[in-house]
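S.K.: From first to last, the protein sequence lines are chains A and B. Just remember that our numbering sits 954 ahead of the position in the first sequence, which is counted from 1. Just remember that our numbering sits 22 ahead of the position in the second sequence, which is counted from 1. Beta carbons: idealized from backbone N, C-alpha and C, even for Gly.
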Amino acid sequence: MSDNSHLLPYARRVDFKVARANELTGADRRLYRFLEIVPGVAAWGTLLGIVWASIYASFFAAYFIIAFAIYWVLKTIFLSYHVRYNWKRLRHHMALDWSQLISKFKYQDHYHLVIFPFYEEPQEIIDGALKGLIEANYDPKKLLVVLAAEGRAGANAIKKAKQAEELYGSQFGSFQVTVHPSDIVGEIAGKGSNVHFALRSVHDDVIVPRQIDHKNILVSIFDVDTVVYPDYFNCLIWHFMTAENPYKSAYQPVPLFTNNLWEASAVARVMAMSSTFWQMIMQERPDKAATFSSHSVSYQALYEIGYGQANVVSEDSRIYWNLLLANDGYFDVVSLSYPIAMDATTAATTWGTIKNIYKQHRRWTYGVENWCYLVYHFTKHKGIPLRRRWSIALQQGEGYWSLVTNPIMLFILGWTPIFLGSREFHETVLSYELPIMVRNLLTVAMVGLVFSSIISLSLTPPRPEGQSRFKYIVMALQWIMVPITMIVFSAIPGLDAQTRLMLGRYMGFWVTPKRVQ
Amino acid sequence: MPTEPQITGMSSRRRAVFFWGLVLVFLLVLPSMIFYTAGYRISFEDDVTSVVTTGGVYISTQSTDVEVYLDEEQIERPRLFRSAYYIQNIDSGMRRVVVQGEGIQTWVKELAVDSHIVTEASAFNLPAIPQLRPVTEFQTSTGAAVFTASSTPIELFANATTSEQFIVATTSATSTLTMNPEYEFVVSLFGTTSTSSVSVFADHVRDLDRFRFMGPDERAATTSTTSPAIIESNNMQLVTRGMELYALWQGQDQDVPYYFCVSSSSAASTSERYGAHVADAVFAQVGTTTATSTLVQVNDRLCRTQIKLDRLRQDVFLFDFFPGSSDLVLLQLEDGLYVTEIDDRAWQNTQLLYPGRDLRVIIENDVIYVKQGDQYFEVIPEIEST
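1) Going straight from the alpha carbon of GLU17/B to that of THR76/B, what length do you get?
2) Assign GLY77/B to one of three DSSP states: helix, strand, or coil.
3) Across the region 1208 to 1216 of chain A and the region 1260 to 1279 of chain A, are there enough close Cβ pairs to call them in contact, namely three or more that are closer than 8 Å?
4) So with Cβ pairs under 8 Å, would you call ARG1423/A a contact of chain B?
5) For the alpha helix (DSSP H) containing ARG1317/A, name the first residue and the last one.
6) May I have the straight-line CA-CA distance separating ASN1170/A from HIS1064/A, to the nearest angstrom?
7) Would the region 1173 to 1189 of chain A count as touching the region 1294 to 1313 of chain A if we require 3 or more Cβ pairs under 8 Å?
8) Excluding the five sequence neighbours on either side, which residues of its own chain have a C-beta within less than 7 Å of the C-beta of SER255/B, listed in chain order?
9) Where does GLN110/B sit, in a helix, a strand or coil, going by DSSP?
10) For the beta strand (DSSP E) holding ALA1204/A, just list the boundary residues, first then last.
11) Please list the partners that HIS299/B has in chain A, where partner means a Cβ-to-Cβ separation under 9 Å.
12) Can you check DSSP and say which residues form a bridge with PRO1293/A?
13) List, in chain order, every chain B residue whose beta-carbon is nearer than 9 Å to that of LYS1042/A.
14) How about the region 204 to 212 of chain B and the region 382 to 391 of chain B: do they share at least three Cβ pairs that are nearer than 8 Å?
15) What is the rounded straight-line gap between the Cα of GLU1075/A and the Cα of THR1359/A?
16) How is PRO1418/A classed by DSSP in three states: helix, strand or coil?
17) Apply the 10 Å Cβ neighbour rule to GLU1352/A and answer buried if 16 or more other Cβ atoms are within range, or exposed otherwise.
18) Anyone know if the C-beta pair for SER1291/A and LEU1067/A falls short of 8 Å?
19) Please list, in chain order, the chain B residues whose beta carbon lies closer than 7 Å to that of MET1391/A.
20) Along the region 1117 to 1138 of chain A, what residues have a CB closer than 9 Å to any CB found in chain B?
21) Could you check which residue in ALA996/A, SER1034/A, TRP1006/A, PHE988/A has the C-alpha nearest to that of ALA1399/A?
22) With DSSP collapsed to three states, give me the class of GLY237/B.
23) Output needed for MET1195/A: all residues of its chain with C-beta closer than 6 Å, excluding positions within five of it in sequence on either side, in chain order.
24) For PHE233/B, is the classification buried or exposed, using 16 other Cβ atoms within 10 angstroms of its Cβ as the cut-off for buried?
25) Using 8 Å as the threshold, is the C-beta distance between ILE1308/A and VAL1221/A below it?
26) Spell out a yes or no on whether the region 1381 to 1395 of chain A and the region 25 to 43 of chain B are touching, meaning 3 or more CB-CB pairs, one atom from each, closer than 8 Å.
27) Would VAL79/B and ILE112/B be called neighbours here (beta carbons separated by less than 8 Å)?
28) What are the residues of the region 1362 to 1388 of chain A that lie near chain B, defined by any Cβ-Cβ distance shorter than 9 Å?
29) In chain order, what are the residue ranges of uninterrupted alpha helix (DSSP H) at least 4 long that sit wholly in the region 129 to 177 of chain B?
30) So who's on the other strand from TYR391/B, going by DSSP bridges?
31) Whose Cβ in chain B lies nearer than 9 Å to the Cβ of HIS1046/A?
32) Can you list the residues of chain A that PHE48/B reaches, using a CB-CB cut of under 7 Å?
33) Can you tell me which of ASP1286/A, LEU1395/A, LEU989/A puts its alpha carbon nearest to the alpha carbon of ALA1021/A?
34) Are the CB atoms of ALA134/B and TYR280/B within a distance shorter than 8 Å?
35) Could you give the C-beta distance for ILE1024/A and LEU52/B, rounded to a whole number, given that I count them as a contact under 8 Å?
36) Short check: CB of LEU324/B to CB of ILE364/B, under 8 Å?
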């Protein structure tokens, strides 16, 4: 029997780390299964509902589409404002001397536990990540580095880790290579289970022997392609020291998928920057955010929940929801508004890139499994105020619903009354004016893309040798692809993911290939 | 150096103000957008601000090189779909639409415009000077038609122009030319297919005049009926009834083309809006039994299922659908080949395609072949775009 005494009370529940309905029994299982069905039904119901309304209630459908197009324009303004605001803050933060800012704090006894889970990524990516740590403006001896290899990746992965240890290990406070076994019962293969294993290992092998206070450790869980900007750890310490609840907060940087931006195709660049923009928006709405991809959190907080889950696909966000539930609904996301550099998704061919981006976004949008988890626990956890439970559930639900439905409604279904509408409708001014009105509103919304273009160029790394200046023009104009990328790489993979969950065809973790070899 | 960052995260108050500001904008903009798209406009006429209702007119044209006028005012050419003109913001009432262009015949229609409703019409403009493509027995190696000296078609091009180069050669020079396979095909067509030398009403006339002595021409008609009795395309039929030609709608009621329908409820207003002939056709049917009525109710409109075609008070030798259309009818009348529209609102536009009294006409694979004397040619119904 394992000792659960260090866990927070709610984290001791047997269903605290439930991943899917079939792990439960009885009424709980039925409830969870129902919740897995809801997002898919809502999305398909909306899309089919619009088609139905276009045929049988054309006037209503037309008015709804006008209202929706106006909503979209205003939403674009709202979100663009957030991006612009965060862009200013990001640039300001990048210009600050954070080492001087933190000089007033006593942080010298704090350690940064940096975990890089990896699978089959090439050596150069591992080297890049470790060099980034060494070159950071921070004492490397305060960095406890874990290179978390996957056992199922074979001896070659372990060899790479050992090679990295030989090259860079001595420069850090500690350097540990962990090898996640492939046969642990109850886990799914993926980043989450690897990190989970690494955290347990480092607890036994580093933290306990060195008697480091849990409260003095900040854990940064980084994708292995993450290269930190020089002041990342200084910035992190500053926010940790000034946070209202430092041990009850997760610290979220802005992921810039720029490591290979100049080598990536236009569609990969647009998707990479779109993801960055979404995170920039969330930086200004931390009360509505969850952790995403590479982020940092207090070790104490992770220890109190038993290190998150090893059985889910969207582990980067799930860890935040674990923390939120275990802490009775109060766990903050602190926006660092400071970047980390990562890889844009690419492949050797355009088709390969498209497939990889699609699969990556399907995995991300499978984060809808977190909504089921949240709502399930909201029905159990009466310690969280009811209003807060409703607020989070609705807001998260709306996010997943709109991600899937809005682009399709706007760019495809917006025209259905014109094609499927009744004869009576076709004879009206409304029928003729509808496409003109929607087109004009979308044109106004497209102005937001101009801002996107300008901001993305400002975040683009300097042009490497051998790259044409002409590419700047391509980078500026590539944003016209957004209506297509929103449908192909957001809405459709999202619908795919929600449909799989609805049908009980659960997804596994798909490792995004890093960088073209 | 500042002791802490100068730009803090966006405050929740600021975000809330911005959010609710946009909600307010949404609530203000939505009704105005909905009213606008439904056809409501604000009028400032005569220094009085008022809300007026408007309708629209949608004109489709066959050529992109036309000018469209609404009540003598030229309409701006559309940028995208250049053969479709959607004219907005039109007060209800009778509107005159003119579609014209250089080298083409003018199409004119008076249309009734209603508030909130878009009135549709489909214009057609045939070449002002008929366009021919000669089909000759011989052609050059480059495919140019060759007339021999004895067959130079002086009369053929008196009232027309050719879309292709042709040359005139002496009869003895034909050995250097190649045979034109299309010529053989066309000759065989006219040889095997019954053509338009006899009135389509011949049978009817024969029945009417049964008690008269027959003349030689009429005897020929009894043995060589030329046009089929019924021609159908896309649920539209062309039929002869008595001494008239009709277009009949055979499809579902709800799919009946717009020009079969009227929105007026009284004979007087229908006459005013669509013409007396339409009012007569519609209101003669009102009150008849379902079995004999050719009227159907589609939504709030009364729709006929048959329209009489204008044959310019001439005899008809051939009728068929104009190639590629089920709204236009090709008529071979006594003095030439014409195209008329089925749409009889206000009047039916009828345009001359090719003049001539001794024509034989065959439509094969949407191509109009004509034999005039010894010459064969194709009539081109549109001006080649420049």
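M.R.: Quick answer:
1) With chain B covering only 23 through 408, there is no way to say anything about residue 17/B.
2) The residue you call residue 77/B lines up with position 55 of the second sequence. Strand, per DSSP.
3) no
4) Numbered from 1 along the first sequence, position 469 holds the residue referred to as residue 1423/A. False, the Cβ-Cβ gap to chain B never drops below 8 Å.
5) Residue 1317/A sits at position 363 when you count from the first residue of the first sequence. ARG1317/A -> alpha helix (DSSP H) spans 1304 to 1319.
6) One-based indexing of the first sequence puts residue 1170/A at position 216. One-based indexing of the first sequence puts residue 1064/A at position 110. Each residue's alpha carbon lies about 5 Å from the other.
7) yes
8) On the second sequence, position 233 is the one that residue 255/B refers to. The residues are PHE343, SER348.
9) As a first step, residue 110/B is located in the second sequence; it is residue number 88 there, counting from the start. In this structure, GLN110/B counts as strand in the three-state DSSP scheme.
10) Against the first sequence, residue 1204/A aligns to sequence position 250. Taken as a continuous stretch (DSSP letters only), the beta strand (DSSP E) holding ALA1204/A covers 1203 to 1210.
11) Reading the second sequence from its first residue, position 277 is the one you call residue 299/B. Neighbours of HIS299/B on chain A: none; closest Cβ ~23 Å, over 9 Å.
12) Within the first sequence, residue 1293/A is the residue found at index 339, counting from 1. BP columns for PRO1293/A point to VAL1208/A.
13) One-based indexing of the first sequence puts residue 1042/A at position 88. Residues of chain B passing the Cβ test: ILE29.
14) yes
15) On the first sequence, position 121 is the one that residue 1075/A refers to. On the first sequence, position 405 is the one that residue 1359/A refers to. Between GLU1075/A and THR1359/A, the C-alpha separation is close to 34 Å.
16) Here the question's residue 1418/A lines up with position 464 in the first sequence. DSSP places PRO1418/A in coil when its eight states are reduced to three.
17) Counted from its first residue, the first sequence places residue 1352/A at position 398. Under this definition GLU1352/A is an exposed residue.
18) Residue numbering aside, residue 1291/A sits at position 337 when the first sequence is read from its first letter. Residue numbering aside, residue 1067/A sits at position 113 when the first sequence is read from its first letter. No.
19) Within the first sequence, numbered from 1, the residue matching residue 1391/A stands at position 437. What MET1391/A touches in chain B: MET55, THR59.
20) none
21) By one-based count along the first sequence, residue 1399/A stands at place 445. Among ALA996/A, SER1034/A, TRP1006/A, PHE988/A, the Cα nearest to that of ALA1399/A belongs to SER1034/A.
22) Position 215 of the second sequence, counting from 1, holds the residue named residue 237/B. Only weak support is given to the placement of GLY237/B: the predicted model assigns it a pLDDT of 44, under 50, and the question is left unresolved by the model.
23) As a working note, residue 1195/A is residue 241 in the first sequence. For MET1195/A, where only same-chain residues beyond five positions count, the Cβ hits under 6 Å are PHE1059.
24) Here residue 233/B is taken as the residue at index 211 of the second sequence, counted from 1. For PHE233/B, the predicted structure reports a pLDDT of 48, less than 50, and the residue's modelled location is therefore unreliable. A value from the coordinates is still provided. With fewer than 16 Cβ atoms within 10 Å of its Cβ, PHE233/B is classed as exposed.
25) Position 354 of the first sequence, counted from the first residue, corresponds to residue 1308/A. Position 267 of the first sequence, counted from the first residue, corresponds to residue 1221/A. Cβ atoms of ILE1308/A and VAL1221/A: closer than 8 Å.
26) no
27) Numbered from 1 along the second sequence, position 57 holds the residue referred to as residue 79/B. Numbered from 1 along the second sequence, position 90 holds the residue referred to as residue 112/B. The answer is yes: Cβ separation under 8 Å.
28) SER1376, ARG1377, GLU1378, HIS1380, GLU1381, THR1382, VAL1383, LEU1384, SER1385, TYR1386, GLU1387, LEU1388
29) none
30) Mapped onto the second sequence, residue 391/B falls at position 369. DSSP output for TYR391/B lists ILE384/B, GLU400/B as bridge partner(s).
31) The residue given as residue 1046/A occupies position 92 in the first sequence. Near HIS1046/A (Cβ distances below 9 Å), the residues of chain B are PRO27, GLN28, ILE29.
32) Taking the second sequence and counting its residues from 1, one reaches residue 48/B at position 26. Near PHE48/B (Cβ distances below 7 Å), the residues of chain A are ILE1024, TYR1025, LEU1028.
33) Working through the first sequence from its first residue, we reach residue 1021/A at position 67. Of the listed residues, the one whose Cα sits closest to ALA1021/A is LEU1395/A.
34) Working through the second sequence from its first residue, we reach residue 280/B at position 258. Working through the second sequence from its first residue, we reach residue 134/B at position 112. No, these two residues do not count as a Cβ contact at 8 Å.
35) Taking the first residue of the first sequence as 1, we reach residue 1024/A at position 70. Taking the first residue of the second sequence as 1, we reach residue 52/B at position 30. Sure, about 6 Å apart at Cβ, within 8 Å.
36) Numbered from its first residue, the second sequence carries residue 324/B at position 302. Numbered from its first residue, the second sequence carries residue 364/B at position 342. For LEU324/B and ILE364/B, no; Cβs fall outside 8 Å.
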